[in-house]
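Note that the working numbering has the sequence shown beginning at 15, numbered continuously upward.
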Amino acid sequence: FKLSVQLEGHTADVRSVASTQGSSSSDVLILSGSRDGTARVWGKDHNQTSKRDLHCKFILEGQAGFVNSCAWMREQDGSSIALSGGQDHLVNAYIIPQSGSASSPTSLTPDFTLLGHNDNVCALDVLQGTNGYIVSGSWDKTARVWKNWECVATLAGHTQAVWAVLALNEDLVLTAAADKIVRLYSISKAAKEGEKSKPIATFAGNTDAVRGLVRLNERTFASCGNDGNINIYPIIDAASANSQAPVQPIQTLSGHTSFVYSLSLLESGDLISSGEDRSVRIWRNGSLHQTITIPAISVWSVTGMPNGDLACGSSDGFVRVFTTVGQKYADPDILQAYDAAVSSQSLNKAQVGDVQKESLPGAEALADPGKEGQVKMVKNGDLVEAHQYSSSSGQWVKIGEVVGGVGSSQRKLHDGKEYDYVFDVDIQDGVPPLKLPYNASENPYVAAQRFLEKNELPFGYLDQVVKFIETNTEGVQLGAADQFRDPYTGGTSYRPGGSAPTAPTQATPAASMPPTSSTASSTTSILPHTSALTFKQFNEQGAKSKIAELNAQLPSEVAFSTQESSVVEGILSKLSQSQFAIDADQVNSLKSIIERWPITHRFPLVDVYRLISIQASTNALEVAEFSLTAAQWKDSWPQSPAEAKGRQTLSMLALRAIANALSVSNDANQSAKVLAHLNQANHFKELSKPGRTAYATVLLDASIGLVKGEEKAKQSLATSLLPLINTVVETESKSGDRDTETIYRSEMAFGNLIISSVAGSLKVMDVQQVLQAIKAASAA
């Protein structure tokens, strides 16, 4: 297999991919689900002649939060229905039109929505045909079977999240879970007995969470999981099933060096797998046939395609298609660039083993052949390079350079396993700290998710745990190539607050979260939260081109003067540097232009002001007064959808500017005055999700003044803060587009408030009202 095409469009991890036959025998559709909150359908237009040109035809909207699973369902008339499941507990179904726009993707909303799960839907499968059905798996520890858009059976019994499901026939379903067990259920039995129905068989042999299932043929299926192995099992029928005697694997395939997340089957019958070791692997007749290295930490999902190709989705936001057909190989320059991207990756020593550099051979060792997928390290001057053997080419292929080491030369033992780091995390005074184990070779999101699930902590902590891991380890991050969308045109040239080279996040810590020790044992405390969150991302070229474009649309008396143009160019040039200083005259010139420009055009300039506001010399009250005025915050909310969209964008940027300004000051008196300006209008419920997150970030950053600011001003700040926190959590608890990050940041602000020295002066009734709202938001 060689690279055919890289599909770019998602702005976060691609968690799931699936493929199906299109409207013609030569047409193939790929469905991808992402942490950016969308699913996408990729395919060719009917008039395309190239065998490899694929583009995004449809964007599937309507999922609130991460899209973590997807699947295809084929109707009897040949039409295709795309299914997606995600963080909002829903399964959405979209009827895919026969053709889409050739120039830009068409947005679709769900035609059907399946309600029933109580947590993230992380697995989907479909039995095609007249008597077919949908089966879904969830973090709520159940799988559900759906026929005619209704739940006909709930498959209970797992003690942890159901990570994978597989429809075997009209009555039998396999489920796999984080409890290390694969279970076989009878749909008819479960429909009759309800949730008390037990599996008719169990399959043992996995030593860690089971993440994927695939049917190999009429007689066997395979499972994969966090133990790095692929187990092959016999398929048993209901008559011969024995729930008392777990079925053992008949074969185990080993080759992956970390978690194995996904399995699929090629048209040739070969098995394919993907995982946390940055690879897709092809297995033939029980042996490793080929290893494809992907330039991303996690290859979350892989699917065999009807035309014999394969597609995979990974943590860098790309969907990649690989083929064995020479005519569909990517152009030589693209293949060369791809190989360079793979070979230029930095690998932590934990990913390839801890060895002594002095004992390594030189490049001459690469003259000897190896086994498919074998990794060999060699010295090249002062560098240590990792090379992987490819049987198809008969060569050692460079897959990266080994850098750094882990925090301690001695690995730590936790729950019978060795880890590079085991952190102590204090969540409450007087309670023993929780253990957070982490290996430098794994995705921080995986470690954070494992920690939260094990300790039954709210999912809203996910981002903070990830940031803590990243701050306190030497793990290497491979950033996603984020492609941003203009909030007005939908184009990819510019997004306020965006920066193409950075992995997509909504906010980053203004300072390192304690502790900063590089040892393998550290302690942190969730409260008080004293590290302000900021919005630092910036795309200089995108901002420059958008400002120039909008300036050209304005009459001469409103557009830049020659001097103003020079000032703006100077500011943009400085902002591209890691350390910048914008003087007062430049800031005043920018503010003057913003005030003069029409409301429909000023958002890129407000975005520039947003980043400037993070300077140490910034006065948070002045920033709040100006940015909220620029966003017309005090005015009534517009009724026109276009005007409302523009107001959402400006409000989001203004709030981000305020958060940045608050990050450089712990002045409780000033923070109280900032919140007073914010409270002059109650537009929170009108904001977009990024805007609501920015609003909550303002509250969190302001709350730091309660634990670090001067005592005399804390009472005023607490009195201003409490009702705003209540507004956020109460609104989010009732919203169909509930955002866990917004709730979490508001809860952290409330936590700072409750542990502050002035908490006792607050009205008990007001505090109870917020607590009830938080409880309602968590339950929702």
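C-beta: ideal position from N, C-alpha, C; glycine also.
Helix or strand or just coil, what does DSSP make of residue i?
i, result
"V339", "coil"
"L285", "strand"
"I596", "coil"
"E184", "coil"
"S730", "helix"
"L349", "helix"
"E432", "strand"
"P458", "helix"
"S507", "Bear in mind that the predicted position of S507 carries a pLDDT of just 37, short of 50, making it unreliable; the figure below should be weighed with that in mind. DSSP places S507 in coil when its eight states are reduced to three."
"V480", "helix"
"T216", "strand"
"F805", "In the structure as shown, the chain begins at 15 and stops at 794. Residue 805 is therefore absent and cannot be evaluated."
"P248", "strand"
"S48", "strand"
"G208", "helix"
"L714", "helix"
"M87", "strand"
"T34", "strand"
"A495", "At A495, the pLDDT of 31 sits below 50, so the modelled position is not reliable; the number obtained from the coordinates is stated separately. Here A495 sits in coil by DSSP."
"H691", "helix"
"M666", "helix"
"F72", "strand"
"A355", "helix"
"P451", "strand"
"N10", "Absent from the structure is residue 10, since the part of the chain shown begins at 15 and ends at 794."
"I311", "coil"
"L169", "strand"
"G92", "coil"
"R661", "helix"
"T305", "strand"
"V678", "coil"
"K58", "coil"
"G719", "helix"
Would residue i count as contacting chain D if we go by Cβ distances under 8 Å?
i, result
"A205", "Of the chains in the structure shown, none is chain D; there is only one protein chain."
Rounded to the nearest angstrom, how far is the Cβ of residue i from that of residue j, given a contact under 8 Å?
i, j, result
"L664", "V620", "6 Å"
"A107", "T317", "Rounded, the Cβ-Cβ distance is 19 Å, inconsistent with contact."
"G4", "F273", "Residue 4 falls outside the range modelled here, since the chain spans only 15 to 794, and no answer is possible."
"D323", "T337", "4 Å"
"V28", "W314", "6 Å"
"A252", "L186", "7 Å"
Kindly indicate which residue of the options has the alpha-carbon position closest to the one of residue i.
i, options, result
"I757", "I768, V772 and N740", "N740"
"G219", "N245, Y403, N132 and F437", "N245"
"A96", "P124, G556 and K659", "P124"
"F764", "S679, R464, V712 and D347", "V712"
"I626", "I613, H615 and F640", "F640"
"P704", "S357, A668 and P375", "A668"
"K449", "E75, E456 and V479", "V479"
"A167", "A671, W153 and E184", "E184"
"I44", "F574, N321 and V261", "N321"
"S48", "A461, F549 and D330", "D330"
"K588", "E554, A192 and F617", "E554"
"C165", "D193, H69 and F126", "F126"
"A695", "L738, P655, K648 and I109", "K648"
"D438", "P451, T544 and A204", "P451"
"L547", "N633, A671, E657 and R610", "A671"
"A795", "W651, T632 and S654", "Outside the displayed span of the chain (15 to 794) sits residue 795, for which this structure offers no information."
"A773", "I561, T754, T733 and Q783", "T733"
"Q577", "K431, A645, A557 and D599", "D599"
"K16", "V436, K659, A690 and S404", "S404"
"H876", "I561, Q77, T754 and D59", "This structure cannot settle anything about residue 876, because the visible part of the chain is limited to 15 through 794."
"L374", "K393, S760, V356 and S358", "K393"
Please say whether residue j and residue i have beta carbons closer to each other than 8 Å?
i, j, result
"H172", "I195", "yes"
"M666", "A708", "yes"
"N457", "D434", "no"
"H103", "N145", "no"
"L731", "S685", "yes"
"L736", "L701", "no"
For this session: For the segment 459–467 and the segment 740–749, state whether three or more C-beta atom pairs, one from each stretch, are separated by less than 8 Å.
Result: no
Exercise. Counting Cβ pairs, one atom from each stretch, are 3 or more of them under 8 Å apart for the segment 379–387 and the segment 398–408?
Worked result: The segment 398–408 and the segment 379–387 touch, with three or more beta-carbon pairs separated by less than 8 Å.
Exercise. Does the segment 128–143 come close enough to the segment 75–88 to have 3 or more Cβ pairs within less than 8 Å?
Worked result: yes
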